[in-house]
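Sequence order for the protein chains is A and B. According to numbering that gives the first Met the number 0, numbering within the first sequence proceeds without interruption in unit steps and concludes at 222. According to numbering that gives the first Met the number 0, numbering within the second sequence proceeds without interruption in unit steps and concludes at 222. Notes follow once the structure below has been shown.
There are 2 protein chains.
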Amino acid sequence: MNEDQIQALNSIARTRLIEAGQVIMSDQEPATFFANIISGTVKLIKNTPDGRQQIVGLLFAPDFLGRAFSRNNPYFAEAATDVEICMFPNAAFERLVESNPDLQHRLFERTLDELDAARDWMLLLGRKTAEEKVASFLLLIARRQLLSGCTHDGLGQADGSFALPLTRADMADYLGLTIETVSRQITRLKLSGIVAMNSNRVMAVPDMARLAAAAGQTAAAQG
Amino acid sequence: MNEDQIQALNSIARTRLIEAGQVIMSDQEPATFFANIISGTVKLIKNTPDGRQQIVGLLFAPDFLGRAFSRNNPYFAEAATDVEICMFPNAAFERLVESNPDLQHRLFERTLDELDAARDWMLLLGRKTAEEKVASFLLLIARRQLLSGCTHDGLGQADGSFALPLTRADMADYLGLTIETVSRQITRLKLSGIVAMNSNRVMAVPDMARLAAAAGQTAAAQG
DNA sequence: CGACATGTTGAACCTCATCAACCGACGTGG
DNA sequence: CCACGTCGGTTGATGAGGTTCAACATGTCG
């Protein structure tokens, strides 16, 4: 984004801190704002009427949260970790986007990326085994945390280890598994030496290629 | 779309007929065109290195097919039925979109809809039972075929029955199941009277609410 | 310390995948 | 014309991968 755009955005922005576990947007009420994630991890959640739950997306900094043109939002957004977001009132943001084709273009590309990510995940949910699912998730986080700078949470970094932003329960909801299965598969990956865990939430990956193989991908390929 | 837009589109368009089973776009080669589906059903497919397959999207008329701004296309597009499409060379189409914010806006909204659909399907893949999956698919098709006009294929219509655009194998790949499981679940739905089948590919739904219930949705709700 | 949340491990069960046989429709060629 | 292969679909028997239920461990906070 150029200077003008950033200026314009800042002039209507308001930052906010949200604790882990808090609901940011409900699927019941229409969204009133658009936001940019500064730090932390946000879960997008869908529920069945009888209470089953599926995480349909994870958002990290600097992802966007919210619906561009205010139809109502079909999922819950919940903070997985403590989250810092930068909020824009919906109406003001939309005006800005309307008058700024470049910004709209950026939003469009971000949305296409999200669509790709969602479809990758459909392959995982529909066709991968429990071990591949868990390995895929750990690989996703490992790449994210190690490549895109530090973790911002004071854990890991130096020795190449990093923090998992989700609890076992959240992982299960993201992978279409149960808590127990996630736990067992992590144990298996530890035993086989593919990952090492300093604690329940801090992990290290000695050999990314092995993890990628366990995730059912040929070394180089996709996310 | 307004008259000018349609004019502009038509001037660069070329229609084409594609037989069921033919590949329209490969994930290997970069996409060279953008297209509009006139009739028929297109599958978007993802594969694992070892040959497992997942359908990550279905496209019907009048959906768009292709990537707006020519990054390479990460999936296969294959004709599920005979398909009629209207093709635009990528470069020309992009120029048109660039100069036409309204059209871009439309594309954006379509993409958001696809994202919602993908995430709905993630819930299905991750958390629904085989019976719910099959019922959900049949419900999706039933609503689509019965609401949005006729079926264009000469089957069904009059008596409220309609054709299934997918084989059992395709349904399995769409639902994250095996052919056998799909077949058995359809049999179960027939036995319980929730659906009736005139032949393997032609179906009728006496009571949509019952089908919706079998799909694990409360009567009114989502797709 | 006790209460509660998060995570691990074990045993039993069940859903769905796998393997296999079979059916009907269709097209081809002897 | 009918044998033959193929393709899409159905049905059955069996078994494995994951769920479920339950107990236990660990960590944190009052």
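Every residue, glycine too, gets a C-beta built ideally from N, C-alpha and C.
Which residues does DSSP pair with residue i in a beta bridge?
i      : result
A/S198 : A/V201
A/I23  : DSSP lists no partner for A/I23.
B/T40  : B/F59
A/T14  : A/C85
A/F75  : A/I44
A/F161 : A/M202
B/I54  : B/I44
A/L64  : A/A34
Check residue i in the structure and name its three-state DSSP category.
i      : result
A/G215 : coil
A/S98  : coil
A/N9   : helix
A/F32  : strand
A/S191 : coil
A/L210 : helix
B/T186 : helix
A/G125 : helix
A/T80  : coil
A/T177 : coil
B/D3   : helix
A/D172 : helix
B/T166 : coil
A/D49  : coil
B/F92  : helix
B/R105 : helix
B/T150 : Interpretation of B/T150 is limited by its pLDDT of 44, a score under 50 that renders its predicted location unreliable; no figure is taken from the coordinates.
Going by alpha carbons, who is nearest to residue i out of the options?
i      : options                       : result
A/A211 : A/T166, A/R142, A/L146        : A/R142
B/Y173 : B/P73, B/A195, B/L58          : B/L58
A/T180 : A/K189, A/R167, A/G192, A/I17 : A/R167
A/T128 : A/D112, A/E113, A/Q184        : A/Q184
B/S198 : B/D49, B/A7, B/A91, B/F161    : B/F161
B/I36  : B/A7, B/P29, B/I17            : B/I17
A/G223 : A/M24, A/L95, A/G50           : What the structure shows of chain A is the stretch from 0 to 222, and residue 223 of chain A is not part of that stretch, so it cannot be assessed.
B/Q27  : B/K45, B/I11, B/F33, B/T14    : B/K45
A/A34  : A/V55, A/A67, A/Q52, A/E2     : A/A67
A/K42  : A/I84, A/V55, A/K132          : A/V55
B/Q53  : B/P205, B/F75, B/M196, B/T110 : B/F75
B/R209 : B/P61, B/F87, B/V201, B/V194  : B/V194
B/M196 : B/D158, B/A91, B/G175         : B/D158
B/P88  : B/H104, B/E108, B/M202, B/L8  : B/L8
B/R13  : B/A91, B/M207, B/A117, B/L146 : B/A91
A/S38  : A/F63, A/L111, A/V22          : A/F63
A/A79  : A/N72, A/N71, A/A60           : A/A60
Tell me whether residue i is buried or exposed, calling it buried when 16 or more other Cβ atoms sit within 10 Å of its Cβ.
i      : result
B/G20  : exposed
B/A213 : buried
B/G153 : Summary for B/G153: the model assigns pLDDT 47, below 50, so the residue's position carries little reliability, and this model does not support an answer.
A/E97  : exposed
A/K189 : exposed
B/Q216 : buried
B/Q144 : buried
B/A30  : buried
B/I5   : exposed
B/D119 : buried
B/V82  : buried
A/S135 : buried
A/E130 : buried
A/G50  : exposed
B/E2   : exposed
B/P164 : buried
B/T40  : buried
B/R287 : Outside the shown range of chain B, which is 0 to 222, sits residue 287 of chain B, and nothing can be said about it.
A/R126 : buried
A/G192 : exposed
B/D206 : exposed
A/D101 : exposed
Below 7 Å, is the gap between the Cβ of residue i and the nearest heavy atom of the ligand GDP?
i      : result
A/N197 : The ligand GDP is absent from the structure shown, which contains no ligand whatsoever.
Contact residues within the segment 43 to 68 of chain B, judged by C-beta distance below 9 Å to chain A: L43, K45, N46, T47, P48, D49, R51, Q52, Q53, I54, V55, G56, R66, A67, F68
Listed from N- to C-terminal order along the chain, which residues in the segment 104 to 119 of chain A have their beta-carbon within a distance smaller than 8 Å of any beta-carbon of chain B? H104, L106, F107, E108, T110, L111, E113, L114, D115, A117, R118, D119
Proximal residues, the segment 89 to 103 of chain A versus chain B, C-beta separation under 8 Å: P100, Q103
Between the segment 68 to 82 of chain A and chain B, which residues of the former have CB atoms less than 9 Å from a CB of the latter, in chain order? F68, R70, P73, Y74
Residues of the segment 122 to 143 of chain B whose Cβ lies closer than 7 Å to any Cβ of chain A, in chain order: L122, L124, G125, R126
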